[in-house]
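Chains as they are written, first to last, in our numbering: chain A, 139 to 250; chain B, 25 to 138. C-beta atoms are modelled at their ideal positions from N, C-alpha and C, and glycine is treated no differently. The structure presented is a predicted model; accordingly, all values stated were derived computationally and were not measured. Data first, discussion second: the structure below is written as structure tokens.
Rendered as structure tokens:
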């Protein structure tokens, strides 16, 4: 069964600090991995999408890494801002299928 | 502006009533999806459509129905058969049904049964 596990479940950091969120998956055959940011009561917004051959991808202060061998990904947030407070969702797609497997998300709270 | 629009943002339903959630996109995407989001859970797929006049059940289709008469529209009906309909509903679209393409989400509809 395809699964995506995220850790930690929730995280509180001080404004200006860095943090790293983790994602482990068992989706096979792997097609791509995405990270989404979801503000409370809003729809998810894409941060990065990574294919098998990509190890690192950045989007401003967000940097995602992918290790396809160990089936792990991380999302690193640099110099956090209050607006980074949100749920971060790891999503994996399998080749040839029309559906995605979603993690439960990591709830990040950036405190002043 | 191009995008995907869900309406209404908030919806209240009495027990035993059917309600329809609207999802419209002007991105010219072939594929559209409905997800349900509950607290502490990942998004779960209700229905998806890869092309006009075709749709497939997702993981939790019971108590829901959809139609795809137009490329830009994919309404979801929550029927009285859905035992626990209170949730946050998200519509998404992508260029094609082969999910190596980006998926764009609407802003969601929060449905509450009163």
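Listed by chain order, chain B residues near residue i by CB distance under 7 Å
i	result
residue 240/A	66 and 67
Closest Cα partner of residue i within the set the options
i	options	result
residue 157/A	219/A, 242/A, 228/A and 179/A	219/A
residue 111/B	137/B, 91/B, 130/B and 43/B	137/B
residue 228/A	250/A, 182/A and 248/A	182/A
residue 221/A	214/A, 176/A, 147/A and 146/A	176/A
residue 191/A	185/A, 237/A, 168/A and 199/A	168/A
residue 56/B	107/B, 91/B, 34/B and 35/B	91/B
residue 47/B	58/B, 89/B and 127/B	58/B
residue 178/A	241/A, 242/A, 224/A and 233/A	224/A
residue 33/B	45/B, 69/B, 68/B and 73/B	45/B
residue 53/B	67/B, 74/B and 35/B	74/B
residue 208/A	146/A, 163/A, 226/A and 233/A	163/A
Residues sharing a beta bridge with residue i, DSSP
i	result
residue 247/A	150/A
residue 35/B	135/B
residue 90/B	100/B
residue 230/A	171/A and 239/A
residue 143/A	162/A
residue 61/B	112/B
residue 197/A	200/A
residue 189/A	170/A
residue 205/A	210/A
residue 117/B	56/B and 128/B
residue 44/B	101/B
Cα-Cα separation, residue i to residue j
i	j	result
residue 94/B	residue 77/B	8 Å
residue 206/A	residue 144/A	16 Å
residue 174/A	residue 211/A	13 Å
residue 135/B	residue 65/B	17 Å
residue 213/A	residue 63/B	22 Å
residue 43/B	residue 161/A	36 Å
residue 60/B	residue 194/A	30 Å
residue 30/B	residue 84/B	20 Å
residue 203/A	residue 216/A	14 Å
residue 28/B	residue 132/B	10 Å
residue 86/B	residue 105/B	8 Å
residue 184/A	residue 67/B	15 Å
residue 180/A	residue 41/B	25 Å
residue 237/A	residue 108/B	23 Å
residue 151/A	residue 198/A	19 Å
residue 35/B	residue 103/B	14 Å
residue 38/B	residue 82/B	25 Å
Interface partners of residue i on chain B, CB under 8 Å
i	result
residue 126/A	No answer is possible for residue 126/A: it lies beyond the span of chain A, which begins at 139 and ends at 250.
6 Å CB neighbourhood of residue i in its chain, flanking five on each side removed
i	result
residue 239/A	140, 142, 165 and 230
residue 129/B	114 and 116
residue 189/A	170
residue 89/B	101
residue 79/B	71, 73, 90 and 92
residue 250/A	153
residue 201/A	214
residue 186/A	173, 195, 197 and 202
residue 127/B	116 and 118
Where residue i meets chain A, residues with beta-carbon distance less than 8 Å
i	result
residue 114/B	181 and 182
residue 131/B	180 and 181
residue 82/B	237
Cβ-based neighbour list, residue i, same chain, cut-off 8 Å, excluding 5 preceding and 5 following
i	result
residue 149/A	157, 159, 244, 245, 246 and 247
residue 233/A	167, 168 and 169
Beta-carbon contacts of residue i that lie in its chain and below 7 Å, excluding the five residues immediately before and after
i	result
residue 125/B	118 and 119
residue 96/B	48, 49 and 50
residue 146/A	244
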